[in-house]
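Notes follow the structure.
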Ligand code: URA
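Written out as structure tokens, the structure is:
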């Protein structure tokens, strides 16, 4: 039984820069989930938290209260250890697709509960739904059976997992309160701890295409999440990775599935392969299997076998032709020189405007829409050569997509200085 409080008392305490007590936090999260604290009151509290912050104790208690709002899953009956990965969201970030089957092929079970895209970042479920027949919803029993049999599952989080977060996330999205570090950290970690994974690797994105544009803010978010996971008994590490340039050569649902399959077949863009292997090594270490080399497993074809089994187990046809968009528009290089910058946010916005993402929760997405780029920063390009191809079913979308790419890349004679993909490791 939580002690009763008054919503205004809790809001005013945080508005005036005070710390919330454990009992205030337990009460407000529970009362909001149950509906007796209103959306207006929770919006005011979320804004007070964004402006005045929370200390470690408050964030840990808030996370625990969100976990307690729903069910906890339990994978202890599985015959192998579990490891999961969470990315804070980026452009062209399809890494979950090759990573989950790769780590499964290395002998570690991957229970990957994923979401749909909102705004300029794509969602893993939207990408996989471009595979004919594939279904995102599994019961807890189906999930466990697939984890034991195939070793990897990527599916939608059920309604029972951290329902307080589902309600609060939707509210933050429309009240300008997404960016609060205590709220992001507790949102992500409540779901991951409730999911019951034994170890967790966080891919915290930094740069124009990420929530966190600055390295120190990303580091603060990563440290907060690593502490929350560790305190809850989940072995947690974080990699800070660059998101000023989009990953790979594609952004969009079916386009990213195609690129992921190329990686599983032993090819694919070097940065996607590098990040997949870096995260796989961390996941294997967290699960106590650092003896396995994921690069060898990738080149052996075993990860591709796991991918095919994972897709088939959820009704998908791994051999089906992927959907393509009806219309294409090619952007050519306006000059010759070195491509020194391709902005992740510009590409993400263009892909979203072409129909790969949704404007509001519940909208549909186009499977074939998105952006392909034919050069990466550091590549030499010749005036007139295709630089980007835009894909959509609705050609009236091209103008707005082209507008978002305005100023989104530089071609120059200046020397190109690459930034490393993995910027730091916390944990
Ligand atoms: N992803 C989440 O699940 N929650 C956030 O608050 C931000 C990113």
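Numbering (this note's numbering), first residue to last: 43 to 469.
Note that beta-carbon positions come from the ideal geometry of N, C-alpha and C, so glycine has one too.
Fair warning: this is a prediction, and the values are worked out from it, not measured in the lab.
For residue 146 against residue 117, the beta-carbon gap comes to about 13 Å, at or over 8 Å, which does not count as contact. Only exposed fits residue 403, as fewer than 16 other CB atoms lie within 10 angstroms of its CB.
Judged by DSSP secondary structure, residue 440 falls outside any beta strand (DSSP E) and instead within the alpha helix (DSSP H) spanning 440-447. For residue 56, the enclosing alpha helix (DSSP H) stretches over residues 49-57. Apart from the 5 residues on each side of it in sequence, residue 266 sits with its Cβ closer than 8 Å to the Cβ of 98, 101, 223, 224, 227 in its chain, given in chain order. Between residue 465 and the set 61, 130, 135, 283, the nearest pair of CA atoms involves 283.
Annotated three-state conformation of residue 108 is helix, per DSSP. A distance criterion of 6 Å places the beta-carbon of residue 137 beyond contact range of the ligand URA, judged by its closest non-hydrogen atom.
In summary, residue 378 is exposed, with fewer than 16 beta-carbon neighbours lying within 10 Å of its beta-carbon over all protein chains present. Only exposed fits residue 454, as fewer than 16 other CB atoms lie within 10 angstroms of its CB.
For residue 75, no beta strand (DSSP E) segment is defined; the enclosing uninterrupted segment is the alpha helix (DSSP H) at 64-76. Taking the Cα positions, residue 109 is about 7 Å away from residue 233.
Rounded to whole angstroms, the separation of the alpha carbons of residue 211 and residue 229 is 8 Å. Between the alpha carbons of residue 351 and residue 192 lies a gap of roughly 6 Å. Residue pairing by DSSP places residue 431 opposite 372, 414 in a beta bridge. The beta strand (DSSP E) runs of length 3 or more contained entirely in the region 231-312 are, from start to end of the chain, 241-248, 277-284, 292-294. Within 6 Å of the C-beta of residue 226 there is at least one heavy atom belonging to the ligand URA. A Cβ-Cβ separation of about 28 Å leaves residue 217 out of contact with residue 242 under the 8 Å criterion.
Taking the Cα of residue 124 as reference, the smallest distance to any Cα among 155, 133, 56, 391 is reached at 155. Scanning its chain for C-beta atoms nearer than 7 Å, with the 5 sequence neighbours on each side dropped, one finds around residue 61 the residues 97, 100, in chain order.
Burial is judged here by how many other beta carbons sit within 10 angstroms of a residue's own beta carbon; residue 388 has at least 16 and is buried. Our two residues, residue 291 and residue 64, have alpha carbons roughly 47 Å apart in a direct line.
At least one heavy atom of the ligand URA sits closer than 6 Å to the Cβ of residue 229.
Every alpha helix (DSSP H) stretch that sits fully inside the region 120-201 and reaches 4 residues is listed by chain position as 138-147, 166-170, 182-191. Nearest C-alpha to residue 202 among 236, 170, 194: 236. A distance below 6 Å between beta-carbons, with the five flanking residues on each side excluded, links residue 80 to no residue of its chain. If you look at residue 350, you'll find it in the alpha helix (DSSP H) that goes 344-355. In terms of Cα proximity to residue 376, the closest of 51, 188, 448 is 448. If you compare the alpha carbons of 119, 331, 46, 52 with that of residue 89, the shortest gap goes to 52. Less than 7 Å separates the beta-carbon of residue 289 from that of residue 134.
Contact between the region 301-312 and the region 254-270 is absent: fewer than three C-beta pairs spanning the two stretches fall below 8 Å. Under DSSP, residue 451 takes part in a beta bridge, and its partners are 384. Secondary structure at residue 116: coil, using DSSP grouped into helix, strand and coil. Assigned with DSSP and collapsed to three states, residue 331 falls in coil, not helix or strand. C-alpha of residue 120 to C-alpha of residue 336: approximately 22 Å in a straight line. Our two residues, residue 423 and residue 430, have alpha carbons roughly 12 Å apart in a direct line.
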